Amino acid sequence: MGKTFHKPLALSDQVTHYCPGCTHGVIHRLVAEVIDELGIQRRTVGIAPVGCAVLMYNYFTFDFLEAAHGRAPAQATGMKRVRPDLVVFTYQGDGDLASIGMGEIIHAANRGEKITVIFVNNAVYGMTGGQMAPTTMPNQRTTTSPFGRRVEEVGMPIKMAELLAALQTPAYITRQTVIKPKFVNKAKKSIKKAFEYQMAGQCFSFVEVVSTCPTNWGLTPVEALRWAEETMLPYYQLGDLKTPE
Numbered sequence: 022m023g024k025t026f027h028k029p030l031a032l033s034d035q036v037t038h039y040c041p042g043c044t045h046g047v048i049h050r051l052v053a054e055v056i057d058e059l060g061i062q063r064r065t066v067g068i069a070p071v072g073c074a075v076l077m078y079n080y081f082t083f084d085f086l087e088a089a090h091g092r093a094p095a096q097a098t099g100m101k102r103v104r105p106d107l108v109v110f111t112y113q114g115d116g117d118l119a120s121i122g123m124g125e126i127i128h129a130a131n132r133g134e135k136i137t138v139i140f141v142n143n144a145v146y147g148m149t150g151g152q153m154a155p156t157t158m159p160n161q162r163t164t165t166s167p168f169g170r171r172v173e174e175v176g177m178p179i180k181m182a183e184l185l186a187a188l189q190t191p192a193y194i195t196r197q198t199v200i201k202p203k204f205v206n207k208a209k210k211s212i213k214k215a216f217e218y219q220m221a222g223q224c225f226s227f228v229e230v231v232s233t234c235p236t237n238w239g240l241t242p243v244e245a246l247r248w249a250e251e252t253m254l255p256y257y258q259l260g261d262l263k264t265p266e
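Residue numbers are given in my numbering: position 1 of the sequence shown equals residue 22, and the series is strictly consecutive.
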């Protein structure tokens, strides 16, 4: 009988450090599967963020760089301009990208840098203890908003995909999720398309992935999946927001 499921070559043999129910592992696997399928392992460079995925270079078998907090798009820009033959991507959370890195991501997208950005949106700062993030939902409780996010004080959650899609520069902007099996294949197709646009030298590409953080949400993994579907998806709607065509 043929083997239908195997570990991607782009993934290394490591025991995960992520919390139970965290969806970073699923997204890592999708990235690795896409790299295998495209045959680009030997010319791919990832930029690791500051956040829960700060050690993600341990999980892959291709080259990585480590960026200062929020600066991954700048580092990716430099790498891609010096070596346009490489496939360069950043992998960032909402604190890294939408807070301290807001200026970096907007200007990289506006310049049309030929890089790919994987943006993991779990509505909270993960690694540093569950503080309120730019993407935290209205009334969502965090360690720095124990009474819930008060939008009259701090504003509504920022929709990064919509924000970048409003720029005039051609780009591929999409939002997907991995909270249910039926969504996982769509997320993988979007990640693959994002890499293909880069390989064709066509445009900046951005894949937002709505994710879970059971530990900092104070929920079980199953409860977290349900909360993301019921609370986040109505606000962070899935689908392509912009294509270069």
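Beta carbons are placed, not taken as given, at the ideal position from N, Cα and C, and that holds for glycine.
Just so it is clear, the structure is predicted and the values come from calculations on it, not from any experiment.
Residue range of the beta strand (DSSP E) that includes residue i
{"i": "GLY67", "result": "65-69"}
{"i": "LYS263", "result": "260-263"}
{"i": "ASP117", "result": "Element bounds for ASP117: n/a, residue is neither H nor E."}
{"i": "GLU87", "result": "84-87"}
Buried or exposed (CB count within 10 angstroms, at least 16 for buried), residue i
{"i": "MET177", "result": "exposed"}
{"i": "LYS203", "result": "exposed"}
{"i": "GLU251", "result": "exposed"}
{"i": "LYS135", "result": "buried"}
{"i": "VAL172", "result": "exposed"}
{"i": "ASP117", "result": "buried"}
{"i": "VAL138", "result": "buried"}
DSSP beta-bridge partners of residue i
{"i": "VAL228", "result": "ILE139 and THR195"}
{"i": "TYR112", "result": "ILE139"}
{"i": "LEU32", "result": "PHE81"}
{"i": "THR163", "result": "SER166"}
Sequence-distant residues of the same chain with beta carbon closer than 8 angstroms to residue i, five excluded per side
{"i": "MET220", "result": "LEU59, ILE61 and VAL108"}
{"i": "LEU51", "result": "VAL199, VAL205, ALA208, LYS209 and ILE212"}
Nearest-angstrom Cα separation, counted from residue j out to residue i
{"i": "LYS159", "j": "GLU266", "result": "Inspection of the sequence shows that residue 159 is occupied by Pro rather than by Lys. Roughly 35 angstroms separates the two Cα atoms."}
{"i": "GLN96", "j": "VAL141", "result": "18 angstroms"}
{"i": "THR82", "j": "SER120", "result": "29 angstroms"}
{"i": "ILE127", "j": "PHE225", "result": "11 angstroms"}
{"i": "LEU30", "j": "THR65", "result": "13 angstroms"}
{"i": "ASP84", "j": "ARG104", "result": "14 angstroms"}
Other residues of its chain near residue i: CB distance less than 6 angstroms, five sequence neighbours each side excluded
{"i": "LYS213", "result": "VAL55"}
{"i": "SER166", "result": "MET153"}
{"i": "ALA182", "result": "ILE194, ARG196, GLU229 and LEU262"}
{"i": "HIS49", "result": "TYR80"}
{"i": "ASN131", "result": "LEU188 and THR190"}
Contact set for residue i: own chain, Cβ-Cβ below 7 angstroms, skip 5 residues either direction
{"i": "GLY150", "result": "THR164"}
{"i": "GLY147", "result": "GLY72, CYS73, GLY114, CYS234 and ASN237"}
Alpha helix (DSSP H) segment containing residue i, residue limits
{"i": "GLU217", "result": "202-220"}
{"i": "ASP57", "result": "45-59"}
{"i": "GLU174", "result": "172-175"}
{"i": "GLY99", "result": "93-103"}
{"i": "THR247", "result": "Looking at the sequence shown, residue 247 is not Thr but Arg. Its alpha helix (DSSP H) spans residues 242-248."}
{"i": "THR236", "result": "235-238"}
{"i": "ALA187", "result": "Note, ALA187: premise wrong, no alpha helix (DSSP H); not H, not E."}
Residue-level contact to chain B via CB, residue i, 8 angstroms cutoff
{"i": "PHE81", "result": "Absent here is chain B; the protein component of the structure consists of one chain."}
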